[in-house]
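Working notes for the structure below.
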Amino acid sequence: AYPINDVPGNCTRFLLLRRGNRGSQGPLASLAFSLHANQPGALLEALSCFARRRLNMSRIESRPSKRELGEYIFFVDLELGDAVADLDAALEELRPFCEHLALFGAYPLTNLATEEAD
């Protein structure tokens, strides 16, 4: 069904989910967390663990937790390069601020060539 998108330049990202151990190698990583406290500066303090290790945050998205008004879950994508050890250290520093913390894994960036239907 070409063209399926209605906005030029728009693209869709796909994820491959599987059972087993999460990967910790790759130039990108995804995680989610919620904070203990909903107070001024709490998110800034939590995210600073990535900045101190020069891990670039390429995406942050907040969604209501649906447990309590004003409580959010933050979804973050990081660009790691070769900094897997820095990711581990950043997560250990982040953990005390978090009610919940989940690392979805690290993974390679794959660019697929677009094929246009003739």
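In the working numbering, the protein residues as written are 9 to 126. Note that CB positions come from ideal geometry on N, CA and C, so glycine has one too.
{"query": "Residues near C106 in its chain [Cβ-Cβ closer than 6 Å; skip 5 each side]", "result": "F41"}
{"query": "When L55, Q47, L39, L36 are compared against E101, the one with the closest alpha-carbon", "result": "L55"}
{"query": "Rounded C-alpha distance that separates Y115 from I68", "result": "17 Å"}
{"query": "Strand pairing of C106, partner residues [DSSP]", "result": "L43"}
{"query": "Rounded C-alpha distance that separates N64 from A97", "result": "15 Å"}
{"query": "Span separating the alpha-carbon of R71 from that of L99", "result": "20 Å"}
{"query": "DSSP-derived helix/strand/coil call for L77", "result": "coil"}
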